[in-house]
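Residue numbers (the working numbering): 1436 to 1759.
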């Protein structure tokens, strides 16, 4: 990269090029820098072996992690993130097995998770996502987003490939649209996107529904698994356990209890975000920066009601038992 910058500097010193080619050179410089950053990101990515046939791929510095499962009939990938991430992950997969990628499973609608699917479609893989996520994708296109091939609805769908079963669980409107958790019952491994991030305070953007979020975490605690891969993690490894799920639920409950305590004391609504403290969680990343944001988000939902919301309750949905 240093050599490229030197060439750029020398080129710009030539009088005849100073004006007419300024934009071309600037564009070239941006491309060089982006290429350097992309290669650095790829170089820092790692593969973790979770079990005999299950792996996690990601970059600890960026905090994004995918999972892939190697079966006797092919590979199942969970979470494409984007094309740069997916191309690098595909290379990592090929270093482990020569079996083809048969499926790409997407957790929900958000672009930072659902982009990059084209990489695996070009390998012959079917892309799978919940109908609520797909409806959003249809109305919110992106250059790096392709629509899934298999659209499912209801609470559960099973993907069976060779000797491996992957359960797709839709647990309701907790975050994003179509949020799906992936459980490997035989291996007792689960992949969880966004709703649990170990060692970091919650990133409470607008579409986190705290009530549904808590209910979802309780449902996850009841599932039979021992290891967890999180799409985001601030721990040393993306591999966790049920403990992190419990800790996230406890944080939400503790946050609400402390807000209620401040309401009871008569503390001004507008003062609470800057005065409320939760020492139990002060060692989590972004505690100081994001705690006020979490307080605001929780207070608004406590005062205005939970959102997002829909009229059809989860309990009335039909369970989808079909397999692809």
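The C-beta atom is built at its ideal place from N, Cα and C for all residues, glycine as well.
Note that the structure is predicted; figures quoted are calculated from it, not measured.
{"Query": "Contacts around residue 1721, its chain only, beta-carbon distance under 7 Å, and the 5 residues preceding and following it disregarded", "Result": "1635 and 1636"}
{"Query": "Beta-carbon spacing of residue 1668, residue 1633 below 8 Å", "Result": "yes"}
{"Query": "Residue 1637 (DSSP reduced to helix, strand or coil)", "Result": "coil"}
{"Query": "4-residue-minimum alpha helix (DSSP H) runs that sit fully inside the segment 1632–1715, ordered along the chain", "Result": "1645–1656, 1677–1700 and 1707–1710"}
{"Query": "Identified DSSP bridge partners for residue 1502", "Result": "1491 and 1513"}
{"Query": "Beta-carbon proximity list for residue 1658, same chain, < 7 Å, skipping 5 on both sides", "Result": "1618 and 1625"}
{"Query": "Opposing strand residues paired with residue 1546 [DSSP bridges]", "Result": "Per DSSP, none; premise fails for residue 1546."}
{"Query": "Identity of the residues DSSP links to residue 1617 by a beta bridge", "Result": "1603 and 1626"}
{"Query": "Under the three-state DSSP convention, the category residue 1539 falls into", "Result": "strand"}
{"Query": "Own chain partners of residue 1739 with C-beta closer than 7 Å, once the 5 adjacent residues on each side are dropped", "Result": "none"}
{"Query": "Residue nearest to residue 1651 in terms of C-alpha spacing, selected from 1674, 1680 and 1662", "Result": "1680"}
{"Query": "Own chain partners of residue 1482 with C-beta closer than 6 Å, once the 5 adjacent residues on each side are dropped", "Result": "1490, 1492 and 1527"}
{"Query": "C-beta contact flag for residue 1502 and residue 1664 at 8 Å", "Result": "yes"}
{"Query": "8 Å CB neighbourhood of residue 1488 in its chain, flanking five on each side removed", "Result": "1504, 1505, 1506, 1599 and 1622"}
{"Query": "Given residue 1610 as reference, the closest of 1604, 1645, 1576 and 1591 once Cα atoms are compared", "Result": "1645"}
{"Query": "Continuous beta strand (DSSP E) stretch holding residue 1593: start and end", "Result": "1591–1596"}
{"Query": "Collapsed DSSP secondary structure at residue 1564 in the structure displayed", "Result": "strand"}
{"Query": "Opening and closing residue of the beta strand (DSSP E) in which residue 1482 lies", "Result": "1481–1484"}
{"Query": "Alpha-carbon to alpha-carbon, residue 1670 and residue 1694", "Result": "28 Å"}
{"Query": "Beta bridge counterpart(s) of residue 1610 as assigned by DSSP", "Result": "1643"}
{"Query": "Contact set for residue 1544: own chain, Cβ-Cβ below 7 Å, skip 5 residues either direction", "Result": "1568, 1571, 1572, 1611, 1612 and 1613"}
{"Query": "Residue 1731 - DSSP class collapsed to helix/strand/coil", "Result": "helix"}
{"Query": "C-alpha distance - residue 1711 paired with residue 1484, whole-angstrom precision", "Result": "40 Å"}
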